[in-house]
Amino acid sequence: MNTSADGNSAEDDGLTEAVQKAGAVELLLIRHGESEGNVAATEAREAGVEVIDVPARDADVDLSGTGRDQAKALGTALGRIAAELRPDAVVSSPYARARQTAEIAVEAAGWPLQVRTDERLRDRELGILDRLTRLGVENRYPEESERRDWLGKLYYRPPGGESWADVALRLRAVLAELNSLGMGHRVMLVCHDAVIMLFRYVLEGLSERELLDLAARESILNASVTRFVRPSGAGPWTLESFNVADHLTELGVAVTEHGGDTGARPQ
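Letter 56 of the sequence shown, counting from 1, is numbered 64 in my numbering, and no numbers are missing.
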């Protein structure tokens, strides 16, 4: 039995063979900087309205001005990493807010790396619930609201959308393909808050309860860094740090917290 950084046990059946043989020795998981969608969603919840007034489809929502500042500050901090310890691959969700974060950070860090994209790192798709606040879902789709509460966040799949379990399947495939990068590689993945939560679920072999407890008490900060290490390049991963945004504070950039729906546990 293995034990994670926060004391959770990881049974063998919680870690797929693909994860154990991924080959990389370090994973840096970065949440994108604050987006215009983050700002709009927070404003909608605070105003008590049903629909989030986003400027574009989810894939095309840009970083806010603060988000761009966060991405630059992230890059400045990453640029301090010793050359032999820097990531040699940067892969981003294709969504604009993540891709922009990755590109701005890599440029600010001065790394001679091209940002690649992988659609499996995209945010969870919400289907018919897209652009709706919790109030909007309750008022417009009361049966879906009840079904979501009954099933919980891991297994609830909105019509036309994805469950967290669906996203976890995508991430297992991403980890399996890290084999193609070769042993010893350090990889930076720029993605979304739910994706980072689900990387923890997969890499640490968390149970549903452990995952949903984590989601209920933690909100992934914009432009934060979560780090997993595996010095031997084989076997289970160790969570070295989680949800760190000190680099923003150090450079005088706002730390923003735009969490998702906290109603995670089945009721």
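Cβ coordinates follow ideal geometry from the N, Cα and C atoms, glycine included.
Nothing here was measured: the structure is a model prediction, and the numbers come from that model.
| Asked | Found |
| --- | --- |
| Own chain residues within Cβ distance below 6 Å of Ala49, not counting five before or after | Ile60 |
| DSSP beta-bridge partners of Thr125 | Ser100 |
| Val145, DSSP secondary structure in three states | helix |
| Beta-carbon proximity check, Ala277 vs Ser232, cutoff 8 Å | Examination of residue 277 is not possible in this model, given that the chain is present from 9 through 275 alone. |
| Span of the alpha helix (DSSP H) around Arg156 | Pro150 to Leu159 |
| Among Arg155, Leu219, Pro244 and His40, nearest to Asp131 - alpha-carbon criterion | His40 |
| Member of Asp174, Thr84, Glu154 and Leu37 whose CA lies at the smallest distance from the CA of Leu162 | Asp174 |
| Cα-Cα separation, Pro244 to Ala97 | 21 Å |
| Assigned exposure category for Thr109 - 16 Cβ within 10 Å defines buried | buried |
| Close beta carbons around Arg235, own chain, < 6 Å, minus the five adjacent residues each side | Leu36, Glu248 and Ser249 |
| Proximal residues to Leu137 (C-beta, below 6 Å), its chain only, five neighbours per side dropped | Val145 and Pro166 |
| Which of helix, strand or coil DSSP assigns to Thr264 | coil |
| Bridge-paired residues (DSSP) for Thr246 | Val237 |
| Selection from Asp70, Ala91 and His193 that minimises the alpha carbon distance to Leu32 | The residue you asked about is not Leu; residue 32 is Ala in the sequence shown. Looking at the Cα atoms, His193 is the closest of the given residues. |
| Meets three-Cβ-pair contact criterion under 8 Å: the segment 111-120 and the segment 72-83 | yes |
| Ser12, buried or exposed, once every other Cβ within 10 Å from all chains shown has been counted against 16 | Interpretation of Ser12 is limited by its pLDDT of 41, a score under 50 that renders its predicted location unreliable; the figure taken from the coordinates is listed afterwards. That one is buried. |
| Exposure of His266, with buried meaning 16 or more beta-carbon neighbours within 10 Å | buried |
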